[in-house]
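Asker:
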Amino acid sequence: MQHVHVITPGLFTTVQDLGRVGYQRFGVPVAGVFDTVSAQVANWLVGNKGDAAVLEITFAGPTLRTEVTLQAAITGGQLQATLDGKPVPMWQSFTWQAGQTLAIGNITAGARAYLAVSGEGWQVPVVMDSRSTYVRAAIGGLEGRQLQAGDQLPVSSEHPPYTHRYLPQAFWPIVADEICLRFVPGPQTDHFEPDAVEKLCASTYTVSQASDRMGLRLQGPSIVPLKPDIISDAIALGSMQVPRDGQPIVMGPDRQTTGGYPKIGTVITADIVRLAQARPGTKITWQAVTVAEAQELAKAYVDQLYRMQQVINKEIAGRSFQVQIGDKVLHSFVERLH
Amino acid sequence: MSSPRIVPVGDAAILVEFGQDIDPAIQAQVAALAQILEEARHPVIREWVPTYRSIMIHYYPSLAPYEGLAAWLHDRIQMARGQQAVSRRRVTIPVLYGGEMGPDLDAVAAHTKLSPDEIIALHQEPDYLVYMLGFLPGFPYLGGLDPRLVTPRLATPRTQVPAGSVGIADAQTGIYPLTSPGGWQLIGRTPVKLFDPEREEPFLLAAGDILRFRAIDQNEYDSIAAAVAAGTYEFTAIEPDYQAGS
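The listed protein sequences correspond, in order, to chains A and B.
Going letter by letter, the first sequence gives residues 255 to 592 in this note's numbering.
Going letter by letter, the second sequence gives residues 57 to 302 in this note's numbering.
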């Protein structure tokens, strides 16, 4: 085992994989990366499996020095990073030579970024089938907490030879200051006024400062529940629980497993990545969809993810084009047919 | 017994709701479905979370349409009707009551107008039902506290409650699986670890278990604590054959 040294930790940087599945019934939150697309892409770029452990960076990135030559990739919210002072691009692999310092700056669009390293990622111990950090109970990751200056992150000492891999810009997720999230109403819409879902869909909410991986707290028109409590039941990722003050909280990967607030709806799988990149001040509007529509969108989302993996691995050949219309630049990727 | 309510929770979870009350008979239906899911090992189901009166099933939305999975669940629940009651495990938790380990025992005595000895006796009396685990990893929500022991939470929560603390909050009693802040009135402590991520079975309790408390003295507490620390403690008080659901 070799190490990467943490010189500065960034604002809130944790080791995460795709989460701790199977332990919610014992009261253990799933945790795991919030933006599962960016994290898996980062892993594929360095030749890992999608579920290898990455660093999840929040708003301000860490500065790290490696003692072993690695392949690395940075994805997610927009940021500037340098390797011994020279800029390194996002969404592609690069060689991080032994002794070099990688300085990851502030995220200027979006909220979270991901750093993957070759050799199947950060080799912290597996706790209950996962390397994900759950800070509130100090489970997983590096000693169950966010990174600190002076930490040493374990990495494999075996690394494959460098292969340049990149994701064409046409596939990069678009991070916007205003997003529309689609949701399936329920399961406790009967705890609200009959027009509550309509009211929600006609309103704009703002992500508050008090948001974190547990949940995004929103500010906007109050949707006050008629019956403020339910007998505690389980909580899904993306569920919108509404406490007495009528301000929805959209639940994230560190959500508690059970809770007693009524839930007016649940954000669809395909839109969780946009939720993950929402930051304080992001404006959110809502669109109600049926479960059948949401599942069609989930299928398209999984297909697109698979396509991104194939493009990264050059199993799909094609060319990228840039089209400028006025001051807008559009990116497209055209597949070559066999 | 009416049919359960089966509803989508987004596109990746299903809620099966058996009622709107905290009731051992409803929990038995929850436990029966959990048993069905355990045995069926349906390939699109990621995991399930039993709670007081419902069970949430998390699944892969791109692999199974909601309607199909809901119909499958409905059929399985119907098929299981009238079959033998769910088997529940019995677990006994040793507790050293009062003193340093239970700093609020006197406050509970003052509130309930019972003597500390009466409180200790009444707390050991019931078969508690573990309705669900939540709030903290391994934290059991127990039903069955003697109404005479009902005591409100502390006005000011403690910043640190030691792992193993046994407390009362309103009509509930529970055990802290790990050291955390908390406002429960602490009446004792168990040397047994409810949660140990290093253990092969990290959790001692599961939803649906029947739990009893057993008073121990300082000597037994120390010997159990030493065995737990050495990793040699064998939890022998689990009997799997208790029939519930009647």
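No residue lacks a Cβ here, since even glycine has one placed at the ideal position from N, Cα and C.
(1) Chain B beta carbons: is any one of them nearer than 9 Å to that of A:P516?
(2) Let me check one thing: in DSSP terms, what residues is A:K582 bridge-paired to?
(3) Given a cut-off of 9 Å, decide if A:R319 and A:I358 are closer than it, judged by their beta-carbon atoms.
(4) Inspect the CB distances between the stretch 296-314 of chain A and the stretch 204-212 of chain B and report whether three or more fall short of 8 Å.
(5) Hey, how far is the Cα of A:T268 from the Cα of A:T329?
(6) Alpha carbon to alpha carbon, how far is A:A488 from A:R274?
(7) Figure out for me which residue from A:M562, A:G580 and A:D581 has the closest Cα to the Cα of A:G572.
(8) Going by alpha carbons, who is nearest to A:T523 out of A:V322, A:G281, A:S574 and A:P507?
(9) Output yes if chain B places a C-beta closer than 9 Å to the C-beta of A:A546; else output no.
(10) Can we say the stretch 497-512 of chain A touches the stretch 279-287 of chain A, given the rule of at least three CB pairs closer than 8 Å?
(11) By DSSP, does A:E432 sit in helix, in strand, or in coil?
(12) Leaving out five residues before and five after B:V284 in sequence, what residues of the same chain have Cβ atoms less than 7 Å from its Cβ?
(13) Would A:Q325 and A:S292 be called neighbours here (beta carbons separated by less than 9 Å)?
(14) Could you spell out the range, first to last residue, of the alpha helix (DSSP H) harbouring B:P172?
(15) Please report the Cβ distance between A:H585 and A:Q423, rounded to the nearest whole angstrom; I am assuming they are in contact, meaning their Cβ atoms lie under 8 Å.
(16) Do you know how far the Cα of B:G223 is from the Cα of B:L242?
(17) Determine the contact status of A:V438 and B:V72, defining contact as a CB-CB distance below 9 Å.
(18) Does the stretch 396-411 of chain A come close enough to the stretch 359-378 of chain A to have 3 or more Cβ pairs within less than 8 Å?
(19) A:M225 touches chain B at which residues, Cβ-Cβ below 8 Å?
(20) Does the beta-carbon of B:S302 have 16 or more other beta-carbons within 10 angstroms, so that it is buried, or is it exposed?
(21) Taking Cβ positions only, does A:S462 come closer than 9 Å to chain B?
(22) Can you pull the chain A residues whose beta carbon is under 7 Å from the beta carbon of B:W104, in chain order?
(23) From what residue to what residue does the beta strand (DSSP E) around A:E310 run?
(24) Quick one, which of A:D271, A:W350, A:L272 and A:G304 has its alpha-carbon nearest A:H257's?
(25) Identify, in the order they occur along the chain, each residue of the same chain with its Cβ nearer than 7 Å to the Cβ of B:G200, setting aside the five sequence neighbours on each side.
(26) Which residues in chain B have a C-beta closer than 8 Å to the C-beta of A:S486? List them in chain order.
(27) Tell me the DSSP secondary structure of B:D162 in three-state form.
(28) What does DSSP give as the partner residues of B:D226 in its beta bridges?
(29) Could one say the Cβ of B:L178 lies closer than 9 Å to chain A's Cβ atoms, at least one of them?
(30) Count the other CB atoms within 10 Å of the CB of B:A300; is the residue buried (16 or more) or exposed (fewer)?
(31) Under 9 Å, Cβ to Cβ, is there at least one residue of chain A near B:V147?
(32) B:G124 lies in the beta strand (DSSP E); which residues open and close that run?
(33) Any idea if A:Q442 is buried or exposed, counting beta-carbon neighbours within 10 angstroms, 16 or more meaning buried?
(34) In chain B, which residues lie with their C-beta within 8 Å of the C-beta of A:Q270?
(35) Just curious, the beta strand (DSSP E) that A:L551 is in, first and last residue?
(36) Would DSSP call A:T443 helix, strand or coil?
Answerer: In short:
(1) Not an interface residue.
(2) As computed with DSSP, A:K582 is found in a beta bridge with A:I579.
(3) Cβ distance not < 9 Å, so A:I358 and A:R319 don't count as in contact.
(4) Too few Cβ pairs lie closer than 8 Å, so no.
(5) Roughly 15 Å between the two C-alpha positions.
(6) One alpha carbon belongs to A:A488, the other to A:R274, and they sit about 16 Å apart.
(7) Among A:M562, A:G580 and A:D581, the Cα nearest to that of A:G572 is on A:M562.
(8) It is A:P507.
(9) Taking Cβ atoms only, chain B reaches closer than 9 Å to A:A546, which makes this a yes.
(10) With a cut-off of 8 Å, the stretch 279-287 of chain A and the stretch 497-512 of chain A count as touching, because enough Cβ pairs lie within range.
(11) Correct three-state label for A:E432: strand.
(12) Around B:V284: P247, V248 and K249.
(13) Against a cut-off of 9 Å, the Cβ pair of A:S292 and A:Q325 comes out as no contact.
(14) Unbroken alpha helix (DSSP H) run through B:P172: P172 to Q180.
(15) Confirmed, Cβ separation roughly 4 Å.
(16) Using only the alpha carbons, I get a separation of about 4 Å.
(17) Going by C-beta atoms, A:V438 is not nearer than 9 Å to B:V72.
(18) Look at the beta carbons and you see the stretch 396-411 of chain A touching the stretch 359-378 of chain A: at least three pairs across the two are nearer than 8 Å.
(19) Coverage of chain A is limited to positions 255 through 592, which leaves residue 225 of chain A absent and any answer about it impossible.
(20) Because the pLDDT at B:S302 is just 35, under 50, the model does not fix this residue reliably, and the value given afterwards should be weighed accordingly. Exposed, by the Cβ-count rule.
(21) Not one chain B Cβ lies under 9 Å of A:S462.
(22) Chain order gives the chain A residues near B:W104 as R279, where near means a beta carbon separation below 7 Å.
(23) Per DSSP, A:E310 belongs to the beta strand (DSSP E) from V308 to T312.
(24) Residue A:W350 is the option with its Cα nearest to A:H257.
(25) Here the set comprises P182, D183, Y184 and L185.
(26) The answer, in chain order, is T107, Y108, M188, G190 and Y197.
(27) It is helical.
(28) B:T207, per the DSSP bridge assignment.
(29) Cβ-Cβ to chain A under 9 Å: no for B:L178.
(30) Because the pLDDT of B:A300 is 48, which lies under 50, any placement of that residue in the model is unreliable, and the number read from its coordinates should be weighed accordingly. Under this definition B:A300 is a buried residue.
(31) Residue contact check for B:V147 against chain A: no CB pair falls below 9 Å.
(32) Note, B:G124: premise wrong, no beta strand (DSSP E); alpha helix (DSSP H) at Y122 to A136.
(33) By the neighbour-count rule (16 or more Cβ atoms within 10 Å), A:Q442 is buried.
(34) Within 8 Å of the CB of A:Q270, no CB atom of chain B is found; the nearest one sits about 17 Å away.
(35) No beta strand (DSSP E) holds A:L551; the alpha helix (DSSP H) holding it covers V545 to I566.
(36) The answer is helix: DSSP assigns A:T443 an H, G or I state.
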